[in-house]
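A.B. asks:
See the structure below:
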């Protein structure tokens, strides 16, 4: 009988080898099959196909291991604890990373933010134009041009302007969409919203550029080591 530690507090059981006799293996297999079929066992799951097998809850598997030997049971317990500790460490690291990002108010890390990623303040002409869609209002506020203008300037590129945005720009864009919905509810005109959205984009992208990302980089380094 062999054991493999699996996830979700389950351990895989292979009824071969060790001190099992063919008759014992057959009896255990028949017993498990009978109980599983009739729903009499809670904590043991049987799956067929690739990567299939019989999976037992850790408490049950430990007792199976003790049937082989006390030393083998100790080995299984130690290996199971090691894997659970590794899993907890990864979850904790992810939580810390998310917490740090949240503390920075939607700001994300970057090695360098180029000056030209900060959108310029809009001209009076841009503000006075009536844009056909809210998507273009956001595009002009963030990128300084409409989707059509971008396609005309980049005929060799597939997709649209947002497909070529940086992660920072996409993050700010998500905030702008929420803010725009609020402004619409407040009854702000399109020119007013365009100016406010442009100021928001400039402010948030400048804030991202000024972030001290040392803490996040350390977390990233730890995450890379875990991989």
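Residue numbers (full-length UniProt numbering): 1 to 227.
Glycine included, every Cβ here is placed at the ideal spot set by N, Cα and C.
I think residue 168 touches residue 205, with their Cβ atoms under 8 Å apart; what is that distance to the nearest whole Å?
C.D. replies: 6 Å
A.B. asks: Can you list the alpha helix (DSSP H) stretches of 4 or more residues lying completely in the segment 118-157, in chain order?
C.D. replies: Complete alpha helix (DSSP H) runs here, min 4: 124-128, 134-143 and 147-153.
A.B. asks: Does the contact criterion of 3 or more C-beta pairs under 8 Å hold for the segment 191-201 versus the segment 147-157?
C.D. replies: no
A.B. asks: Which of the three DSSP states is assigned to residue 199 in this structure?
C.D. replies: DSSP places residue 199 in helix when its eight states are reduced to three.
A.B. asks: Cα-Cα, which of 132, 135, 145 and 166 is closest to residue 126?
C.D. replies: The residue with the shortest Cα to Cα distance from residue 126 is 145.
A.B. asks: Going by alpha carbons, who is nearest to residue 121 out of 82, 137 and 142?
C.D. replies: 142
A.B. asks: In this structure, does DSSP put residue 180 in helix, strand or coil?
C.D. replies: helix
A.B. asks: In angstroms, rounded to a whole number, what distance separates the CA positions of residue 157 and residue 85?
C.D. replies: 47 Å
A.B. asks: According to the Cβ coordinates, are residue 139 and residue 161 closer than 8 Å?
C.D. replies: yes
A.B. asks: What does the alpha-carbon distance come out to for the pair residue 62 and residue 171?
C.D. replies: 48 Å
A.B. asks: So, is residue 203 buried or exposed, given that buried needs 16 or more other C-beta atoms within 10 angstroms?
C.D. replies: Its Cβ having fewer than 16 others within 10 Å, residue 203 is exposed.
A.B. asks: Exposed or buried, what is residue 106 when buried is set at 16 or more other beta-carbons lying within 10 Å of its beta-carbon?
C.D. replies: Model confidence at residue 106 stands at a pLDDT of 38, short of 50, so the residue's coordinates are unreliable and nothing is read from them.
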